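Each remark here refers to the structure printed beneath this line.
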Amino acid sequence: MEYARHHTFAFGQTDVTAVRPWMSMRFVASAYAVPEPYLYESLNIDPSHFRDDLPLRFINARQGWGTSPNGDYPAIIDKIQAAILAYQEEPVATGLDRVEPWMSVRYAAHAAGIPEDELLAALQLDAALAAVPLDKAARDAKWPGGSKALAAAVQQAIQTLTQQQEQP
């Protein structure tokens, strides 16, 4: 997190050059609002073989990918960057079983296939918090009940909006 603070890394950013080997798949997914299952699938990795908090450099080593041909860093960085860019070009709703406090509204909206602005409106949440993890957004918005309550509200809003989309 020191890197994030020092380099003013913003959640929801689009500059893929900020991806670093110490980041976990979950961190990348949350920071770039790309569903974690999409990242694993893009890299042809079975997520059950890795912990959510395992740094990318360790995943790279276990996969035997070595060093990037573009520089002295793990090859997984290039693969993650390509996956993020592909997702940003054409977002894919991967589905969302449960909203967690580490997710952002943007991440949850993308994963559920719900327009971000509709989800923010349903929550009556400031758009400036769209890319912020829910645990921090709950603090910043002074959400009654904290991050668990905000995660539950996001889950409920997604269910409601999904039902509305399914109606003719």
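Here our numbering = 1-based position in the sequence shown + 1. Heads up, the beta-carbon is just placed ideally off N, CA and C, and yes, glycines get one too. Quick caveat: nothing in here was measured; it's all calculated off a predicted structure.
Along the stretch 96-161, the beta strand (DSSP E) does not occur as any fully enclosed run of 3 or more residues. Looking at the DSSP output, Pro75 shares a beta bridge with Thr68. For Arg27, the enclosing alpha helix (DSSP H) starts and ends at Met26 to Tyr33.
For Pro22, the closest C-alpha among the options Arg52, Arg58 and Ile81 is that of Arg58. Under DSSP, Pro56 shares a beta bridge with Ser25. Shown here, Asn61 sits in a helix according to DSSP, grouped into three states.
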